[in-house]
Amino acid sequence: MTTATLAQDVTYVEAISQALDEEMSRDERVFLMGEDIGAYGGAFKVTEGFLKKFGEWRVLDTPISESGFVGAAIGAAMMGLRPVVEMQFADFISCAFDQITEVAAKNHYRWGAAVPMVIRAPFGGGVHGGPFHSECPEGWFFHSPGLKIVAPSTPYDAKGLLKAAIRDPNPVLYFEHKFLYRRIKATLPQEDFIVPLGKADVKRSGRDISIITYGAMVHLALEAAELLSKEGIDLEVVDLRTLIPLDKETIYASVRKTSKAILLHEDNKTGGIGAEISALLAEECFDCLDGPILRIAPPDTPVPFSTPLEEFFLPKVSDIVAGAKKLAAY
Amino acid sequence: MDQTVVANEIKRSDLLEMYYYLRLTRSVEDRITALYRQGRIVGGVYTSHGMEAIAVGYASALKPDDVIAPFHRDMGAFLIRGFSPGEIFAQYLGKQGGPTKGKDGNVHMGDLKRGMIGFVSHLADNMPVAAGAALAFKIRGESRVAFAGTGDGGTSRGDFHEAMNFAAVRRLPVVFFCTNNQYAYSTPLRYQMAITDVVERAKAYGMPGEIVDGNDVTAVYLASKRAVAKARVGEGPTFLEFKTMRMHGHSEHDAAKYVPRELLEEWKTKDPILRAERLVTQLGYGDESYFHEVGERVKKEVDAGTEFAEQSPLPEGRETLVGVFATEDEVQP
Chain A
986 MTTATLAQDV TYVEAISQAL DEEMSRDERV FLMGEDIGAY GGAFKVTEGF
1036 LKKFGEWRVL DTPISESGFV GAAIGAAMMG LRPVVEMQFA DFISCAFDQI
1086 TEVAAKNHYR WGAAVPMVIR APFGGGVHGG PFHSECPEGW FFHSPGLKIV
1136 APSTPYDAKG LLKAAIRDPN PVLYFEHKFL YRRIKATLPQ EDFIVPLGKA
1186 DVKRSGRDIS IITYGAMVHL ALEAAELLSK EGIDLEVVDL RTLIPLDKET
1236 IYASVRKTSK AILLHEDNKT GGIGAEISAL LAEECFDCLD GPILRIAPPD
1286 TPVPFSTPLE EFFLPKVSDI VAGAKKLAAY
Chain B
12 MDQTVVANEI KRSDLLEMYY YLRLTRSVED RITALYRQGR IVGGVYTSHG
62 MEAIAVGYAS ALKPDDVIAP FHRDMGAFLI RGFSPGEIFA QYLGKQGGPT
112 KGKDGNVHMG DLKRGMIGFV SHLADNMPVA AGAALAFKIR GESRVAFAGT
162 GDGGTSRGDF HEAMNFAAVR RLPVVFFCTN NQYAYSTPLR YQMAITDVVE
212 RAKAYGMPGE IVDGNDVTAV YLASKRAVAK ARVGEGPTFL EFKTMRMHGH
262 SEHDAAKYVP RELLEEWKTK DPILRAERLV TQLGYGDESY FHEVGERVKK
312 EVDAGTEFAE QSPLPEGRET LVGVFATEDE VQP
């Protein structure tokens, strides 16, 4: 490997920074708001150096006021700017729930005002964050018409989806997984690219069972697939990448091929995205199913803090292996 | 306002125009109330009856490229921004000819081209939104101003405080107002806050505030002009408390038995249209026959508007599915 290629080796969190930097350089309408994103560079250092490069009116430190600054982003977006708001942790998005679901999501439908903005939300567990720093709140918004929702699993998707989200004329919630920030790397193209919203990606092709997932769980699914391949079970891993609009075509094509489906996510099981996709599969792919639709998801509890509790809570490779074996028996 | 002050600070044509809009507002809303009582309008009807001076006064003080996030009793602002009586009646009747094409009802209208931000029922939600519009003006170095308000009850919500704080910290070109009409639905001010004057709230944010007689269109106009002028030159936000009285129920279905009759009798004498007429007469700008003439003109417009709305088709049921997402070409350039 040459030094030039190594320099291209970027982590998931660096991919997010690059996307912001490049979009801000490309389009002067793009600006950032959030808590501690200026001089401090953000809780996860996504915007380190941005204040110096883009100035204090494009990198705004806000009061601890999620509803207020999301509302302000909506106003600025309607006036023609392209705000990208950072939730310090996705958990805090609940403070801005009303602005997101009642104002941002409904403005265009009600009176024709487009709201082109992005809310970045670092989500997910596995980082010992406890009940207020580990949540997966995407399910709340999945049920609110007017919002787009993305959740990348790789540096390539993280960068490409964020650029596409910033260029989209609608409010987009961008769920970036904290566990992946510095744990995965990839070589990214040097030239500008986007990953279009609304397109799932088959991360591993297989014949026996479709495992439909997103975010950090994609990596768990891939790991399980390697283990299962040794036992002759061939998993297909469908990475949704975008939750709204949902790429039903790719989901159905995969399940029609394998005839079996597992929905895997880190959000609570009840009323989650897996439940919705299960219902869709029952409605649209019933005739090709050879077994029950399985869901693998955490129990309906808050995300607990202590290591054994959090380990119990989060889906594991062994859960997927067990689920796949159960399904393979049909 | 003292007539000498008005004579010196407000042009005759501006005052007469405000008088016209006071009359138009009342006639439009009286027609809406009539249509509601005939069972033609379904859903809620919230009027500004007896409080017309507020929206007419502040909207007259703004430039066309300033933006307004109105309170839900600000019909005058819509009329001044060019929403025709016909469009407004069509909106209330759920017709295609309304600004929301039937997607939303009553005063929940908006149009960015005319600088009107659509009202959200969750009170004070649009105050941070207006602060954000002002932030956009500041970032781009434009001399535009955002003007946004809520009622006395709305100032109890967190979004009101978050907006006030953020706007003050960043010295944004926004003017916030409170239409203090003493009742939030049935809840009197004393159960809403432990202070007598809403303007007290501004102090905590380091924001200048002013109490304004909300039933005097000239007082509202001049106070708004001063606040807007400050915002425009970078001196930051101002908070205006417009004191008034809600003369009807919260909406047309509400008889407002919880409001003491004496209070309403007292405020009847402060009616903003009567007061404007008194002033116009004192200044020699118009007399009874002029007022009658304006009344005739307004009635014609309201009749024509009603006709337009009645002719406007209802939307097809399947139009429900249109417009959840925006397309690229719709975004403001």
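Quick note, the sequences are listed as chains A and B, same order. 986 is the number of the first residue of the first sequence in our numbering; add one for each residue after it. 12 is the number of the first residue of the second sequence in our numbering; add one for each residue after it. Glycine included, C-beta positions come from ideal geometry on N, C-alpha and C. Please read all numbers here as calculations on a predicted model, not as lab measurements.
K1188(A) sits in a strand when the DSSP states are folded into three classes. Beta-bridge analysis with DSSP links L1220(A) to I1194(A). For V1240(A), no CB of chain B lies under 7 Å from its own CB, so it is not counted at the interface with that chain. Here D1272(A) is exposed: its Cβ has fewer than 16 other Cβ atoms, across all protein chains shown, within 10 Å. What D1083(A) touches in chain B, judged by beta-carbon distance under 8 Å, is H133, D136 and D170, going in chain order. Within chain A, the residues placing a beta-carbon under 8 Å from that of F177(B) are T1047, P1048, S1050, G1053, F1054 and A1057, ordered along the chain. DSSP places P1107(A) inside the beta strand (DSSP E), whose first and last residues are M1102 to F1108. Under the Cβ criterion (8 Å, minimum of three pairs), the stretch 313–325 of chain B counts as touching the stretch 89–100 of chain B. Short of 6 Å from the beta carbon of A213(B), and not among the five residues preceding or following it, lie these beta carbons of its own chain, in chain order: G220 and F250. If you draw a straight line from the Cα of E1013(A) to the Cα of L1182(A), it comes to about 22 Å. Looking at the backbone, the Cα of Y103(B) and that of D1186(A) are separated by about 46 Å. Within 7 Å of the CB of L1066(A), the CB atoms of chain B belong to A147 and I150, in sequence order along the chain. Classified as exposed, E1176(A) has fewer than 16 neighbouring CB atoms from the shown chains inside 10 Å of its CB. Taking all protein chains shown into account, E1251(A) has 16 or more neighbouring C-beta atoms within 10 Å of its C-beta and is therefore buried. Between the stretch 1083–1097 of chain A and the stretch 1035–1045 of chain A, the count of Cβ pairs shorter than 8 Å is below three; the stretches do not touch. Taking 7 Å as the cut-off, the Cβ atoms of A238(B) and V291(B) do not count as close. In this structure, S132(B) is the residue among S132(B), M12(B), G334(B) and Y232(B) with its C-alpha nearest to the C-alpha of D1083(A). None of the residues of the stretch 182–196 of chain B has a beta carbon lying less than 7 Å from any beta carbon of chain A. Using a CB distance cut-off of 7 Å, E98(B) does not count as an interface residue toward chain A.
The C-beta distance from G54(B) to W1096(A) rounds to 16 Å, too long to meet the 8 Å contact threshold. Look at V131(B) here: in three-state DSSP terms it is coil, with no helix or strand label.
The beta-carbon of D115(B) is placed less than 7 Å from the nearest beta-carbon of chain A. Going by DSSP, A1149(A) is part of the alpha helix (DSSP H) stretching over P1140 to R1152. Separation of the CB atoms of Y32(B) and V305(B) is rounded to 10 Å, and the pair is thereby denied contact status at 8 Å. The DSSP-derived three-state label of M1009(A) is helix. The Cβ atoms of L200(B) and T161(B) lie no closer than 7 Å to each other.
Cα atoms of S1263(A) and D1224(A): separation of roughly 16 Å, rounded to the nearest angstrom. Contacts with chain A at 7 Å (Cβ-Cβ) include G334(B).
Checking the DSSP bridge columns, you'll see I1247(A) partnered with I1196(A) and L1279(A).
Look at the stretch 1050–1090 of chain A and you find these whole runs of alpha helix (DSSP H), each 4 residues long or longer: 1051–1063.
In the DSSP assignment, F302(B) falls within the unbroken alpha helix (DSSP H) covering E299 to Q322. Taking all protein chains in view, the Cβ of Q1073(A) is crowded by 16 or more other Cβ atoms within 10 Å, so the residue is classified as buried. Cβ contact annotation for K1163(A) (same chain, cutoff 6 Å, sequence separation greater than five): P1107, G1109 and V1112, in chain order. Using a Cβ distance threshold of 7 Å, A1057(A) and G143(B) count as a contacting pair. Listed along the chain, the chain B residues whose CB falls inside 9 Å of the CB of G1131(A) are V335 and F336.
Here M1018(A) carries a strand assignment [DSSP, helix/strand/coil].
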